[in-house]
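Asker: Residue numbers (the numbering used here): 83 to 490.
My questions will all concern the structure given below.
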Amino acid sequence: MIKELYQQTVREVSLNVSAGRVDSLRKKNITKSGCRVYHNGYIGVAGCLGQPTADAWAAAEQALERKVEAMPPETGKERVREQGEALVTPEAFRAECEELLATLRAEFPDFVLSNKLQMMDVEMRLENDAGLKYADQKRSYAMVLLVKQAGSPNMYDSHLLAVSRRFDREGWLAQARQVLTAHRTLLPMPEGGRCLILDNAIGDALQNFSILDKALSGREYLVGTSLFQGRLGQRLFDPRVTLSYDVTGTEWLDRDDVFFDKEGTTLPGDRANLIENGVLKNLATNKKYAAQLGLASTGGAFGDYDSAPALDALPLVLASTGETLEQLTAGRECILPLIGSGGEWTDAGDYATPVQCAYLYRDGKLVGRLPEFGLAVKLDELFGENFVGVSTDRFLGERRLVFEGTVQ
Numbered sequence: 083m084i085k086e087l088y089q090q091t092v093r094e095v096s097l098n099v100s101a102g103r104v105d106s107l108r109k110k111n112i113t114k115s116g117c118r119v120y121h122n123g124y125i126g127v128a129g130c131l132g133q134p135t136a137d138a139w140a141a142a143e144q145a146l147e148r149k150v151e152a153m154p155p156e157t158g159k160e161r162v163r164e165q166g167e168a169l170v171t172p173e174a175f176r177a178e179c180e181e182l183l184a185t186l187r188a189e190f191p192d193f194v195l196s197n198k199l200q201m202m203d204v205e206m207r208l209e210n211d212a213g214l215k216y217a218d219q220k221r222s223y224a225m226v227l228l229v230k231q232a233g234s235p236n237m238y239d240s241h242l243l244a245v246s247r248r249f250d251r252e253g254w255l256a257q258a259r260q261v262l263t264a265h266r267t268l269l270p271m272p273e274g275g276r277c278l279i280l281d282n283a284i285g286d287a288l289q290n291f292s293i294l295d296k297a298l299s300g301r302e303y304l305v306g307t308s309l310f311q312g313r314l315g316q317r318l319f320d321p322r323v324t325l326s327y328d329v330t331g332t333e334w335l336d337r338d339d340v341f342f343d344k345e346g347t348t349l350p351g352d353r354a355n356l357i358e359n360g361v362l363k364n365l366a367t368n369k370k371y372a373a374q375l376g377l378a379s380t381g382g383a384f385g386d387y388d389s390a391p392a393l394d395a396l397p398l399v400l401a402s403t404g405e406t407l408e409q410l411t412a413g414r415e416c417i418l419p420l421i422g423s424g425g426e427w428t429d430a431g432d433y434a435t436p437v438q439c440a441y442l443y444r445d446g447k448l449v450g451r452l453p454e455f456g457l458a459v460k461l462d463e464l465f466g467e468n469f470v471g472v473s474t475d476r477f478l479g480e481r482r483l484v485f486e487g488t489v490q
């Protein structure tokens, strides 16, 4: 019998923002412990708040009676990783944020900002009595502000989103100034039905490419329901397209990109290419489905702290194609969708969404706000004939996917 602890500790300071001012400060320090017991190919799991208790371990052993099958746990491995600088004190954080908000109120009195500013320290641990000891700690700061223009009938009109490993007041100010200044000027849509689109390189406006969750799932591939059925090892897209599960800590500043999954699987170089140079190289798998497919696991075991590991979708990132955003756009007018809700992907790979907030990008900056419109793309065209590239540099904190999209 092997006993294993899967534990999450979240330390958070959150500033509630109302009418452009901090109106409250909330501190959170929560530890959740998942107690696991492996025996004869089965797993028993129980959870508790705080440090693991004798009762939780007893409940995990009792849960073995449910006969939940599990792959063998990892053993005899150790690794510790820390990301981000030590957090400032809550008082210093509040003072910095109040100065940030005061500047924005003075420069943009025609906008009302709300929601929150945060700093977080998240630590994930996985260790067992067979020599496994993993720990991953990430510290970050986040600006998550909703923007409402004076006189607007909407609940909110735009947003300011930024995440950084250190408190970056000047960087956040620069981003806010660019978005809010552009929002003041309503411009006509660029002429023609096809426009150059700048999306987040992880597909923010396109719902994180949710169509790929099913298409790249090892479970769906086994049962024959994947959009890419039978195409493992074949070319799907433009040879410049590489789509990866990346837990290096350099791409996903806004999420807990832990270097191990819930089964303890780690990736060579903390990265797994599912689509490499346009070719379908691998599928999203945990240990179970990787074994059935004869592939290496891509670390896809997720789930709550008090549940058995299970396969879930991998958050994916597009690799840069080696050009800056200026080079990719070559002086053309481009559309940056910021808020696009209500759209969805079809099983065939078609996507359409109304875009409620977008900006015109020209010569390295936002120059104005665009009217609401509809955006339509096809997956094979998006990463095929309409694919332009993915920037090496970041704009508004993100690398950008550039493609030709249909505007309606």
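Where a beta carbon is used, it is the ideal one built from N, C-alpha and C, also for glycine.
#1: Taking the C-alpha atoms as reference points, what is the distance between residue 455 and residue 436?
#2: Do the segment 192-204 and the segment 225-237 touch if we need at least three Cβ pairs shorter than 8 Å?
#3: How about residue 280 and residue 484: are their beta carbons less than 8 Å apart?
#4: Where do the N-terminal and C-terminal ends of the alpha helix (DSSP H) with residue 175 fall, by residue?
#5: Taking the alpha-carbon positions, what's the residue 505 to residue 398 distance?
#6: Around the C-beta of residue 148, are 16 or more other C-beta atoms found within 10 angstroms, so that it is buried, or is it exposed?
#7: Taking the alpha-carbon of residue 169 as reference, which of 181, 153, 219 and 138 has the nearest alpha-carbon?
#8: Go ahead and label residue 411 buried or exposed: buried means 16 or more other beta carbons lie within 10 angstroms of its beta carbon, across all protein chains shown.
#9: Taking the DSSP output, what are the residues bridged to residue 327?
#10: Can you give the beta carbon distance from residue 403 to residue 459, rounded, assuming they're within the 8 Å contact cut?
#11: Please classify residue 182: is it buried, with 16 or more other beta-carbons within 10 angstroms of its beta-carbon, or exposed?
#12: Counting only the same chain and skipping the five closest in sequence on each side, list residues whose C-beta sits under 6 Å from that of residue 322.
#13: Whether or not the segment 305-324 and the segment 438-457 are in contact is what I'm after, with contact meaning three or more pairs of Cβ atoms, one per stretch, closer than 8 Å; do they touch?
#14: Counting C-beta neighbours from all protein chains within 10 Å, is the total for residue 215 16 or more, i.e. buried, or is it exposed?
#15: Express the C-alpha separation of residue 488 and residue 367 in angstroms, rounding to a whole number.
#16: State the DSSP-derived secondary structure class of residue 144, mapped to helix, strand or coil.
#17: Hey, out of 339, 104 and 115, whose CA is closest to residue 89's CA?
#18: Assuming residue 413 is part of the beta strand (DSSP E), what are its boundary residues?
#19: Would you mind working out which of 179, 477 and 209 sits nearest residue 158, comparing C-alpha positions?
#20: Name the one or two DSSP bridge partners that residue 126 has.
#21: Starting from the N-terminal side, write out each stretch of the beta strand (DSSP E) that is 3 residues or longer and does not extend beyond the segment 416-488.
#22: How is residue 340 classed by DSSP in three states: helix, strand or coil?
#23: Beta carbon of residue 407, beta carbon of residue 477: below 8 Å?
#24: Identify, in the order they occur along the chain, each residue of the same chain with its Cβ nearer than 6 Å to the Cβ of residue 479, setting aside the five sequence neighbours on each side.
#25: Residue 439 and residue 417 look like a contact to me (Cβ under 8 Å); what is the Cβ gap, rounded to whole Å?
#26: Would you say the segment 312-321 touches the segment 354-368, given that touching needs at least three Cβ pairs under 8 Å?
#27: Can you list, in chain order, the residues of its chain whose CB lies under 6 Å from that of residue 156, leaving out five sequence neighbours each side?
Answerer: Put simply:
#1: On the sequence shown, position 373 is the one that residue 455 refers to. On the sequence shown, position 354 is the one that residue 436 refers to. Going by the C-alpha atoms only, they are around 6 Å apart.
#2: yes
#3: Here residue 280 corresponds to residue number 198 of the sequence shown, with the count starting at 1. Here residue 484 corresponds to residue number 402 of the sequence shown, with the count starting at 1. A contact, by the Cβ cut-off of 8 Å.
#4: Position 93 of the sequence shown, counting from 1, holds the residue named residue 175. Run containing residue 175: 172-189, per the alpha helix (DSSP H) assignment.
#5: Any property of residue 505 remains undetermined from this structure, which presents the chain solely from 83 to 490.
#6: Start at 1 with the first residue of the sequence shown, and residue 148 comes out as number 66. Per the 10 Å Cβ criterion, exposed.
#7: As a working mapping, residue 169 is identified with position 87 in the sequence shown. It is 219.
#8: The residue given as residue 411 occupies position 329 in the sequence shown. Label assigned to residue 411: buried.
#9: Locating residue 327 in the sequence shown gives position 245, where the first residue counts as 1. Paired residue(s): 354.
#10: Start at 1 with the first residue of the sequence shown, and residue 403 comes out as number 321. Start at 1 with the first residue of the sequence shown, and residue 459 comes out as number 377. About 18 Å separates the beta carbons of residue 403 and residue 459, which is beyond the 8 Å limit, so they are not a contact pair.
#11: In the sequence shown, the residue the question calls residue 182 occupies position 100. So residue 182 counts as buried.
#12: As a first step, residue 322 is located in the sequence shown; it is residue number 240 there, counting from the start. Closer than 6 Å at Cβ, skipping near neighbours: 403.
#13: no
#14: Taking the first residue of the sequence shown as position 1, residue 215 is located at position 133. Under this definition residue 215 is an exposed residue.
#15: Against the sequence shown, residue 367 aligns to sequence position 285. Against the sequence shown, residue 488 aligns to sequence position 406. Each residue's Cα considered, the two are about 34 Å apart.
#16: If you number the sequence shown from 1, residue 144 lands on position 62. Note: residue 144 maps to helix in three-state DSSP.
#17: Locating residue 89 in the sequence shown gives position 7, counting from the first residue. Closest option to residue 89, Cα to Cα, is 115.
#18: Along the sequence shown, read from residue 1 onward, the residue named residue 413 stands at position 331. No beta strand (DSSP E) contains residue 413, which DSSP labels as neither H nor E.
#19: Your numbering for residue 158 matches position 76 in the sequence shown. Closest by alpha carbon: 209.
#20: As a working mapping, residue 126 is identified with position 44 in the sequence shown. DSSP output for residue 126 lists 119 as bridge partner(s).
#21: 416-421, 432-437, 439-444, 447-452, 455-460 and 469-477
#22: Counted from its first residue, the sequence shown places residue 340 at position 258. Residue 340 falls in the coil class under three-state DSSP.
#23: Locating residue 407 in the sequence shown gives position 325, counting from the first residue. Locating residue 477 in the sequence shown gives position 395, counting from the first residue. When the beta-carbon positions are compared, residue 407 and residue 477 come within less than 8 Å of each other.
#24: Numbered from its first residue, the sequence shown carries residue 479 at position 397. Closer than 6 Å at the Cβ level, and outside the excluded window around residue 479, lie 244.
#25: Position 357 of the sequence shown holds residue 439. Position 335 of the sequence shown holds residue 417. That belief does not hold up - the Cβ atoms of residue 439 and residue 417 are roughly 11 Å apart, past 8 Å.
#26: yes
#27: In the sequence shown, counting from the first residue as 1, residue 156 sits at position 74. Spatial neighbours of residue 156 in its own chain (CB-CB distance under 6 Å, excluding positions within 5 residues in sequence) are listed in chain order as 214 and 346.
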